[in-house]
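Asker:
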Amino acid sequence: MTFGCSSKLSSMILFTMLFASLMGASEGGNFLQDFDITWGDQRGKILNGGQLLTLSLDKASGSGFQSKKEYLFGRIDMQIKLVSGNSAGTVTAYYLSSQGPTHDEIDFEFLGNATGEPYVLHTNVFSQGKGNREQQFFLWFDPTKAFHTYSIVWNKQRIIFLVDNIPIRVFQNLESIGVPFPNKQAMRIYSSLWNADDWATRGGLVKTDWTQAPFTASYRNFKANACIWSSASPCTSTSPNSVQDNVWQAQELDAPGRNRLRWVQQKYMIYNYCTDLKRFPQGLPPECKRSRFL
């Protein structure tokens with residue numbers, strides 16, 4: 006890529022980030038109505054009339070929450086401000102998941118680091134109980150200084166991971182070549198803040214510094230444009246009258262989106278299971294034979 010093209014792409018990305026930030030700040034759900042604090046013995050708190058949620062971790066316990074509703078396909082947006090300072094050993098997980106031994110799951114996990122070192126954004130997709138589809142990234146900003154929007158688009162064709170509306174990963178539905186895809190099990194939204202210093206930071210070499218506790222992550226501006234699942238009705242849209250809000254149902258990447266995805270993956274991806282030949286000596290998973298950018 007030439008310098009001129011790179012400059013234009015950077016400007017476009019900055020504009021997209023600003024636009025997404027403004028949009029995210031203008032609308033959001035209510036945590037009192039949409040979520041339950043599920044563990045942590047008062048370390049999870051819903052504040053400001055339901056507009057803000059915080060999770061905390063100390064040496065005794067972490068904390069977590071889950072959505073009251075289950076969803077079968079949709080777009081889920083959440084603004085998160087991560088643990089600041091020395092966050093080594095901590096993990097802030099934000100994900101969709103069903104239940105049971107053959108569960109489906111779509112993961113964002115933020116692996117903390119020592120002060121001044123970047124967070125690692127860990128992503129994964131489980132289908133029918135099988136994961137092992139990790140991709141990891143550094144972020145192009147400090148996720149502890151301000152809220153940023155982390156989104157999952159999940160439709161029948163693909164899963165798109167987005168950060169400030171910039172795609173960082175796409176997992177296509179390739180059932181046609183025998184790759185299981187999460188499309189039959191409804192999932193709740195979960196988040197947790199917990200201690201994982203046995204593996205999270207440099208493979209467990211850097212331990213949690215409990216003198217820095219409590220560690221706190223903050224959440225706001227949740228939004229779900231999605232099908233709400235129930236046994237009586239498999240899909241009740243959260244936005245039945247808005248064509249714009251239901252774009253997710255067939256959302257894919259256009260040419261600018263593919264350019265942004267390439268930019269992220271070329272500059273900020275630090276691990277891709279599809280290039281880990283040592284891990285798969287019998288051959289890479291079948292989905293890896295398709296372009297990682299599509």
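Read left to right, the sequence shown gives residues 6 to 299 (the numbering used here).
The beta carbon of each residue, even a glycine, is placed where N, CA and C say it ideally should be.
Source: prediction; values computed, not measured.
1. Do you know how far the Cα of Ile275 is from the Cα of Tyr124?
2. I'd like to check one pair, Ser102 with Phe186: are the Cβ atoms closer than 8 Å?
3. Between Arg48, Phe70, Thr213, which lies nearest to Gln38 when the distance is taken from Cα to Cα?
4. Taking Arg267 as the reference, which of Ile173, Gln177, Thr213, Pro286 has the closest Cα?
5. Roughly how many angstroms separate the alpha carbons of Gln270 and Phe142, rounded to a whole number?
6. In its own chain, which residues sit with a C-beta less than 7 Å from the C-beta of Gly55, not counting the 5 before and 5 after it?
7. Suppose you measure from the CA of Gly3 to the CA of Ala119; what does that come to, to the nearest Å?
8. Following the continuous alpha helix (DSSP H) through Leu52, name the residue where it begins and the one where it ends.
9. For Gln287, I'd like the list of residues in its chain whose CB is within less than 8 Å of its CB, leaving aside the five on either flank, ordered along the chain.
10. Less than 8 Å between the C-beta atoms of Gly136 and Asp202, yes or no?
11. What is the DSSP secondary structure of Gly262, reduced to helix, strand or coil?
12. Rounded to whole angstroms, what is the Cα-Cα separation between Trp145 and Gly45?
13. Quick one: complete beta strand (DSSP E) runs, 3+ long, within the region 180–261?
14. Do Tyr100 and Tyr224 count as a contact pair if the criterion is CB distance below 8 Å?
15. At the level of alpha carbons, what is the spacing between Gln190 and Val175?
16. Would you mind listing the beta strand (DSSP E) stretches within the region 60–125 that are 3+ residues and don't spill past its ends, in chain order?
17. So what's Pro291 in DSSP terms, helix, strand or just coil?
18. So, for Gln217: in the same chain, excluding its five sequence neighbours on each side, which residues have a beta-carbon less than 7 Å away from its beta-carbon?
19. Among Gln104, Val96, Arg48, whose alpha-carbon lies nearest the alpha-carbon of Leu198?
20. What does DSSP give as the partner residues of Leu167 in its beta bridges?
21. Can you give me the start and stop residues for the beta strand (DSSP E) that Ser41 sits inside?
22. Thr2 by DSSP, collapsed to three states: which one?
23. If Thr221 sits next to Leu60, beta carbons under 8 Å apart, how far is it from one beta carbon to the other, in whole angstroms?
24. Where Lys74 and Asn230 are concerned, what is the direct C-alpha to C-alpha distance, given to the nearest angstrom?
Answerer: This is what the structure gives:
1. The residue you call residue 124 lines up with position 119 of the sequence shown. The residue you call residue 275 lines up with position 270 of the sequence shown. Looking at the two C-alpha atoms, the distance is approximately 12 Å.
2. Stepping through the sequence shown from its first residue, residue 186 is reached at position 181. Stepping through the sequence shown from its first residue, residue 102 is reached at position 97. Cβ distance not < 8 Å, so Phe186 and Ser102 don't count as in contact.
3. Taking the sequence shown and counting its residues from 1, one reaches residue 38 at position 33. Ranking the options by Cα distance to Gln38, first place goes to Phe70.
4. As a first step, residue 267 is located in the sequence shown; it is residue number 262 there, counting from the start. It is Ile173.
5. Taking the sequence shown and counting its residues from 1, one reaches residue 270 at position 265. Taking the sequence shown and counting its residues from 1, one reaches residue 142 at position 137. Those two C-alpha atoms are separated by around 8 Å.
6. On the sequence shown, position 50 is the one that residue 55 refers to. Excluding residues within five positions, the ones whose Cβ falls inside 7 Å are Asn35, Phe36, Leu37, Gln38.
7. The chain is shown from 6 up to 299; residue 3 falls before or after that span and cannot be answered.
8. Translated into positions along the sequence shown, residue 52 becomes position 47. Looking at the DSSP string, Leu52 is not in any alpha helix (DSSP H); the run it does join, the beta strand (DSSP E), is 50–52.
9. Locating residue 287 in the sequence shown gives position 282, where the first residue counts as 1. Excluding residues within five positions, none has a Cβ falling inside 8 Å.
10. Looking up residue 136 in the sequence shown gives position 131. Looking up residue 202 in the sequence shown gives position 197. Cβ atoms of Gly136 and Asp202: not closer than 8 Å.
11. In the sequence shown, counting from the first residue as 1, residue 262 sits at position 257. It is helical.
12. Working through the sequence shown from its first residue, we reach residue 145 at position 140. Working through the sequence shown from its first residue, we reach residue 45 at position 40. The straight-line gap from Cα to Cα measures roughly 31 Å.
13. 193–200, 220–234
14. As a first step, residue 224 must be located in the sequence shown, where it is residue number 219. As a first step, residue 100 must be located in the sequence shown, where it is residue number 95. No, Cβ-Cβ distance for Tyr224 and Tyr100 is not below 8 Å.
15. Sequence index remark: in the sequence shown, residue 190 carries index 185 (1-based). Sequence index remark: in the sequence shown, residue 175 carries index 170 (1-based). About 20 Å.
16. 68–72, 75–86, 95–102, 110–116
17. If you number the sequence shown from 1, residue 291 lands on position 286. Here Pro291 sits in helix by DSSP.
18. The residue given as residue 217 occupies position 212 in the sequence shown. Closer than 7 Å at the Cβ level, and outside the excluded window around Gln217, lie Gly90, Asn91.
19. Counting from 1 along the sequence shown, the entry for residue 198 is found at position 193. Considering only alpha carbons, the answer is Val96.
20. As a working note, residue 167 is residue 162 in the sequence shown. Ser156, Pro172.
21. In the sequence shown, counting from the first residue as 1, residue 41 sits at position 36. The identity of residue 41 in the sequence shown is Asp, whereas the question assumes Ser. Start and end: 40–44.
22. The chain is shown only over 6 to 299; residue 2 falls outside these bounds and no answer can be derived.
23. Indexing the sequence shown from 1 puts residue 221 at position 216. Indexing the sequence shown from 1 puts residue 60 at position 55. At roughly 7 Å, the Cβ-Cβ gap stays under 8 Å, so Thr221 and Leu60 are in contact.
24. Residue 74 sits at position 69 when you count from the first residue of the sequence shown. Residue 230 sits at position 225 when you count from the first residue of the sequence shown. If you take the alpha carbons of Lys74 and Asn230, they lie about 12 Å apart.
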